[in-house]
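Have a look at the structure below, then the notes.
Chains as they are written, first to last, in this note's numbering: chain A, 1 to 480; chain B, 481 to 724.
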């Protein structure tokens, strides 16, 4: 047997070192484990400081013993290569592991073990942990805001249909693939708008929606029999004529007014709220701010001074103003400039305000992408006879947008997390509803649960978005 | 003598204070092959970039196929479509496949039906011998293949004039030949070509005329044989002695 040098573990006595090291490491972690989970202090007979530091010393010694190069044991080698490279890293590793072990029991007990979810009132919450009863009871409010309970199926149905319509991209066959961009950029937002405006908002106005659907469906079916030559004209004109004639010559609204037909109840936007409002605001702001930002980015690089200076002025104005001011202005100042009888809904104003605000940021992100493209791409496109728009749509923008996917995702995530600010105009989305609920006299003192709930929801939304953007990046990645 | 397809009369151009082109006079007749050579910074690239107005000239006249190029030219896109150009850095569109690179402009600028454009593109790609690479992306090809694809892309617009801006300068020596071969074939097919290059072998083989430029001026312009056999100016002699 070779001589043991405790300061320099080597391969000759590998087994001895590994057994001793593992044992010491195990003891140190086990001690912390007992301490954390069972409140047992095995070393309590020692002075407090030593008792506190002892597991760290044991662990360090253990990690020192097992730090042998080229043992041939795969996991041990990996450990030594990445974590246990020197004493300093070993201490950091141990501290992190100990903190994690220590923090598991309190978190577990708050979230699950000592938490309550049964019952319907505050009295049910007897444990020292979270009171999930509060979330359970208020869940409807958190998701739907003040939207009447009996009408909430409308929101559910709209969101499910929109989700289904949004997923057609996955099922589209090769033949329809080329129309997908058109669908997602123009048709889908339009359908979403129809759903939200007519279906969730409701009222007699709902029937205009059904006229629209009927006109659309009928004209598409008839459209199949129209010769290709006239198709563009046909789809431009006929649906509108059909819609107008349905609206003005059939007078369903009169029947509604007479009470012969029950329309959907009108729910004013002030009553909308909660998570569904978060989705609605984010969705439309995302959709509107992107094209506006794109045009601003192009405008800022335009050769025409008028367009360039207008774009620069617009971007710098919106970037220089805090969002909360913009929202406040949109609700308080904006109506003052409008004629008396002109009314624009609060929600619409807010969506426009946030869209323009974020568009300025998107514009700068996209401009970064445009500047990253080599000049040769412009030259090549021009030399093939492409004009400004063809060059940008076919050659420049596809490449520039691909480059700035991470930046755009950044802006969009910030947008989603900015939506709670719409409370300044009296619209209460998820966080707004939480703030309202926590002031309810029956449920005082549960703000923590609410905020944790909101944090989890927002994290899920944002993580999904960032994952999606990452997937897009991979999908459109091409070698240069 | 037919009417020249490109006419340049007293063309002057400045980049800020620096004059890049000085009193350029040049007539190019149809089906002629012109090689432009000269030291770097002599304005060769600027000269041919002026022909399809990628650069704007400040003084003088440039007339391409009967259309004068000026700030008031409305149909500049149409003129550019008739003038193909191949660049030193290939400038293929990296987000499109080779075939799409070739069909993009014919479909969107010349409004050819997709099928027709694809047939044309395949024909041109076959001509430069990269028909089998049609569905790859530019990043997956070698430099020589990329440059040949760039030639095919320009030819898909069926231009009347082809401009080459140092097409082989960014290539490995091994790949230069395959690109030059493609250009020689094109020349033999009767295309009007203006080529900026340092490949004197190519110049001797195909050029009708050689132009030597220095400091923004055309120093010497002569028939190919004449140019190489007895150059007139001392500057040309010096240049030729260094690169031959």
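Quick reminder that beta carbons are idealized off the backbone N, C-alpha and C, glycines included. The structure presented is a predicted model; accordingly, all values stated were derived computationally and were not measured.
Below-8 Å beta-carbon distance, residue i vs any chain B residue
i, result
"residue 386 of chain A", "yes"
"residue 363 of chain A", "no"
"residue 383 of chain A", "yes"
"residue 182 of chain A", "no"
"residue 271 of chain A", "no"
"residue 379 of chain A", "yes"
"residue 320 of chain A", "no"
"residue 450 of chain A", "no"
"residue 129 of chain A", "no"
"residue 368 of chain A", "no"
"residue 407 of chain A", "no"
Limits of the unbroken alpha helix (DSSP H) element including residue i
i, result
"residue 294 of chain A", "274 to 300"
"residue 152 of chain A", "152 to 166"
"residue 661 of chain B", "653 to 668"
"residue 267 of chain A", "It is not in any alpha helix (DSSP H) - residue 267 of chain A carries neither H nor E in the DSSP assignment."
"residue 449 of chain A", "447 to 475"
"residue 316 of chain A", "305 to 320"
"residue 185 of chain A", "Looking at the DSSP string, residue 185 of chain A is not in any alpha helix (DSSP H), and its letter there is neither H nor E."
"residue 483 of chain A", "No statement about residue 483 of chain A is possible, as the shown extent of chain A runs from 1 to 480 and does not include it."
"residue 526 of chain B", "524 to 531"
"residue 343 of chain A", "Per DSSP, residue 343 of chain A belongs to no alpha helix (DSSP H) and is neither H nor E."
Below-8 Å beta-carbon distance, residue i vs any chain A residue
i, result
"residue 660 of chain B", "no"
"residue 557 of chain B", "yes"
"residue 569 of chain B", "yes"
"residue 715 of chain B", "no"
"residue 537 of chain B", "no"
"residue 637 of chain B", "yes"
"residue 516 of chain B", "no"
"residue 589 of chain B", "yes"
"residue 498 of chain B", "no"
"residue 718 of chain B", "no"
"residue 484 of chain B", "no"
"residue 494 of chain B", "no"
"residue 671 of chain B", "no"
"residue 549 of chain B", "no"
Residue nearest to residue i in terms of C-alpha spacing, selected from the options
i, options, result
"residue 438 of chain A", "A:69, A:129, A:142, A:96", "A:142"
"residue 51 of chain A", "A:57, A:58, A:43", "A:43"
"residue 75 of chain A", "A:18, A:86, A:120, A:341", "A:18"
"residue 401 of chain A", "A:193, A:416, A:414, A:371", "A:371"
"residue 289 of chain A", "A:416, A:22, A:398, A:441", "A:416"
"residue 716 of chain B", "B:489, B:505, B:511, B:522", "B:522"
"residue 376 of chain A", "B:574, B:542, B:552", "B:574"
"residue 658 of chain B", "B:600, B:627, B:721", "B:627"
"residue 517 of chain B", "B:672, B:671, B:644", "B:644"
"residue 590 of chain B", "A:456, A:78, A:390, A:442", "A:390"
"residue 136 of chain A", "A:449, A:295, A:56", "A:449"
"residue 194 of chain A", "A:156, A:218, A:221, A:162", "A:162"
"residue 763 of chain B", "B:511, B:504, B:503", "For chain B, the structure presents residues 481 to 724; residue 763 of chain B sits outside this window and is missing."
"residue 652 of chain B", "B:637, B:539, B:632, B:623", "B:623"
"residue 559 of chain B", "B:540, B:691, B:534", "B:534"
"residue 217 of chain A", "A:66, A:242, A:69", "A:242"
"residue 695 of chain B", "B:586, B:500, B:491, B:664", "B:500"
Per DSSP, the bridge partner or partners of residue i
i, result
"residue 564 of chain B", "B:642"
"residue 694 of chain B", "B:697"
"residue 689 of chain B", "B:514, B:703"
"residue 673 of chain B", "B:513, B:642"
"residue 501 of chain B", "B:493"
"residue 508 of chain B", "B:486"
"residue 428 of chain A", "A:273"
"residue 131 of chain A", "A:116"
"residue 548 of chain B", "B:543"
N- and C-terminal bounds of the beta strand (DSSP E) containing residue i
i, result
"residue 495 of chain B", "486 to 495"
"residue 702 of chain B", "697 to 703"
"residue 93 of chain A", "First-last for residue 93 of chain A: 87 to 108, but that is the alpha helix (DSSP H), not the beta strand (DSSP E)."
"residue 569 of chain B", "No beta strand (DSSP E) contains residue 569 of chain B, which DSSP labels as neither H nor E."
"residue 542 of chain B", "539 to 544"
Please list the segments of the beta strand (DSSP E) lying wholly inside the stretch 363 to 425 of chain A, counting only runs of 3 or more residues, in order along the chain.
-> Within the stretch 363 to 425 of chain A, no complete beta strand (DSSP E) run reaches 3 residues.
Compile a chain-ordered list of the residues in the stretch 390 to 403 of chain A whose CB is closer than 8 Å to at least one CB of chain C.
-> No chain C is part of this structure, whose protein chains are labelled A and B.
Ranges of the alpha helix (DSSP H) found wholly within the stretch 1 to 48 of chain A, counting only runs of at least 4 = For the stretch 1 to 48 of chain A, whole alpha helix (DSSP H) runs of length 4 or above, ordered along the chain, are 14 to 38.
At 4 residues or longer, and completely inside the stretch 191 to 244 of chain A: list those alpha helix (DSSP H) runs for me, N to C.
-> The stretch 191 to 244 of chain A is shown to contain whole alpha helix (DSSP H) runs of 4 or more residues at 206 to 223, in chain order.
Completely contained alpha helix (DSSP H) runs for the stretch 561 to 633 of chain B, where each covers 4 or more residues = Listed in chain order, they are 578 to 588, 594 to 607.
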